[in-house]
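First up is the structure itself, then whatever we jot down about it.
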Amino acid sequence: MNETMTVISGHIETGQKDSTELLAPGDIHCFAADTPHVYRTTSFSATILVTIKYGNKDSLNEHQ
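Plus 58 on top of the position in the sequence shown (first one is 1) and you've got the numbering used here.
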């Protein structure tokens, strides 16, 4: 499973627990959705678009 996050407004820290990224409006970050991860705003609020691609490992590799 893959997760893609796009920041619309505000700032957010996100990613896998041991490897986060600080994102600003327009930034995009991708990471494995089936591992521990965090969403943490660094401003009062943030608007984000999150897309999660589900499937088993073999089917995800077929479509890349």
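The C-beta atom is built at its ideal place from N, Cα and C for all residues, glycine as well. Here the structure is a predicted model, which is why all the values come from computation and not from measurement.
Between the alpha carbons of residue i and residue j, how many angstroms are there, rounded?
{"i": "M59", "j": "A90", "result": "6 Å"}
{"i": "P83", "j": "Y112", "result": "25 Å"}
{"i": "D85", "j": "T64", "result": "6 Å"}
{"i": "T109", "j": "D76", "result": "21 Å"}
{"i": "L80", "j": "H87", "result": "9 Å"}
{"i": "T62", "j": "D92", "result": "12 Å"}
Could you pull out every residue in the same chain whose Cβ sits closer than 7 Å to the Cβ of residue i, ignoring the five residues on either side in sequence?
{"i": "I66", "result": "P83, T105, I106, L107"}
{"i": "G68", "result": "T99, S101, S103, A104, T105"}
Hey, would you say the C-beta of residue i is under 7 Å away from at least one heavy atom of the ligand FMN?
{"i": "I106", "result": "Of ligands this structure carries none, so the ligand FMN is not represented either."}
How is the beta strand (DSSP E) around residue i delimited, first residue to last?
{"i": "M59", "result": "Unbroken run through M59: none, as it is neither H nor E."}
Starting from the C-beta of residue i, find all residues in its chain whose C-beta is less than 6 Å away, skip the five residues before and the five after it, and write them out in chain order.
{"i": "Q74", "result": "F89, T93, H95"}
Subject >> Ordered list of alpha helix (DSSP H) runs contained in the region 72-101, each at least 4 residues >> reply: none
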